[in-house]
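Just so you know, we're using the working numbering here: the sequence shown kicks off at 3 and counts up by one.
Virtual Cβ for every residue (Gly too), placed ideally from N, Cα, C.
Written below as structure tokens is the structure these notes are about.
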Amino acid sequence: MVLCGAVLAPLVARAETASLAASAAAPMGVAIAAAPNPAQDDAMRCLTLAVAHEAGNQPRAGQEAVAEVVLNRVAHPAFPKSVCGVVWQGWRRGTGCQFTFVCDGALDRRLDDRTIRAARMVAQAALGGTGPARVAGALNYHATYVQPGWASALDTVGRIGAHIFYRPPPGARAEGAAAPGQAIRWDEPDHAVIARAWARYRGVDGGPSAALLLPRTAPAEAAAPRPFAPWGLPLVR
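Here is the structure:
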């Protein structure tokens with residue numbers, strides 16, 4: 003989707019500049035790895051966790067749609083300006099989290115490696131600008147087995163798997179969005195918060211830029227989508 007590549011373009015550009023500078027300073031024939039980019043790493047991890055917990059048992063298209071909603075929010079003026087800020091929105095407020103897995107204890111349970119790796123593939127494509135556009139303009143979604151009151155005020159974009167996606171009509175406000183002109187100091191999670199959330203998967207990703215040798219197909223269970231619930235995801239006991 004177009005938004006995906008634009009969201010992290012400045013971060014990618016800085017990482018590439020650092021890499022070129024290191025290469026120029028290296029002796030002939032000596033390779034020097036690019037300097038780590040914590041902000042880019044955190045964005046990858048936050049989006050991976052969101053896709054895994056929100057849509058880990060959905061078809062790949064459903065996972066891509068969730069990633070797209072996150073990046074649509076990053077690009078929207080009424081939401082936090084970073085991937086992790088969007089995913090962690092509300093984590094320090096009494097109104098609750100926009101993505102429930104952040105606040106309901108789900109992060110204390112370790113999902114299996116297959117779920118995380120598949121989610122990371124989706125996140126990597128979305129942040130790299132190569133993910134397909136599934137739900138253009140969508141800023142909200144919910145599982146098919148619930149009927150939130152806010153849904154009737156929004157336009158339905160479509161259903162993918164066990165989720166229904168929405169975008170606000172002209173003049174309307176998305177659920178969770180700041181009011182026009184409202185100044186909000188978003189409670190962005192710092193690197194330590196993200197590191198703790200990702201600690202259970204430290205050996206799974208192989209680093210933020212590693213290519214994952216997985217087929218571009220949905221998980222086997224996605225062939226027959228079932229109603230999504232966080233407790234239905236595969237866990238490591």
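Using alpha carbons as the reference points, say which of the options lies closest to residue i.
i	options	result
Q91	F167, I196, W188 and G133	W188
G205	P79, R47 and N39	R47
G277	V148, R175 and G130	Any answer about residue 277 is impossible in this case: the structure gives the chain only from 3 up to 239.
D106	A197, V76 and G98	G98
L129	E56, A197, I196 and A77	A77
A201	G173, L113 and A164	L113
Y147	V195, H165, I196 and A155	H165
I need the boundaries of the alpha helix (DSSP H) containing residue i, first residue and last residue.
i	result
D157	Counting along the chain, D157 falls outside any alpha helix (DSSP H), though it belongs to the beta strand (DSSP E) covering D157 to I162.
H55	P40 to A57
H193	H193 to W200
R62	R62 to A77
R204	Here R204 belongs to no alpha helix (DSSP H), and DSSP marks it neither H nor E.
R116	D115 to L129
C86	V85 to V89
Under 7 Å Cβ to Cβ from residue i, same chain only, skipping five residues before and after it: list those, please.
i	result
A121	T50, V53, A54, G58 and Q65
P217	Bear in mind that a pLDDT of 31 at P217, under 50, signals an unreliable position, so the model cannot answer this.
A199	L51 and L109
N72	Asn is not the amino acid found at residue 72; the sequence shown has Val there. Correct list, in chain order: L49, A52, V85, V88 and V89.
I186	A180
N74	L5, G139, A140 and L141
V150	Contrary to the premise, residue 150 reads as Pro rather than Val in this sequence. So the qualifying residues of the chain are H144.
A26	Residue confidence for A26 is low, a pLDDT of 42 falling below 50, so the modelled location carries little weight and cannot support an answer.
A155	A174
Which residue comes first and which comes last in the beta strand (DSSP E) that contains residue i?
i	result
I186	From DSSP, I186 is part of no beta strand (DSSP E); its letter is neither H nor E.
A145	N142 to A145
R169	H165 to R169
Can you name, in chain order, every residue of its own chain whose Cβ lies under 8 Å from the Cβ of residue i, other than the five neighbours on each side?
i	result
D157	Y168, R169, P170 and P171
I162	Q60, P61, A63, G64, A67, R136 and V137
H193	P40 and D44
E190	P82, S84, C86, G87 and W90
R95	D189
W93	C99, V104, C105, D189 and P191
Just to confirm my understanding: we take residue i, look at its own chain, exclude 5 residues before and 5 after, and list those with CB closer than 6 Å. What are they?
i	result
V137	A67, E70, V159 and F167
W152	E177
V89	C48, A52 and F101
A127	G133
Y203	I118
V124	V53, Q65, E66 and A69
E56	V68
Would you check if there are 3 or more beta carbon pairs closer than 8 Å linking the stretch 129-143 to the stretch 113-120? Below 8 Å, too few C-beta pairs join the stretch 129-143 and the stretch 113-120 to call them touching: fewer than three.
Taking three-plus beta-carbon pairs below 8 Å as touching, is the stretch 179-196 in contact with the stretch 73-83? yes
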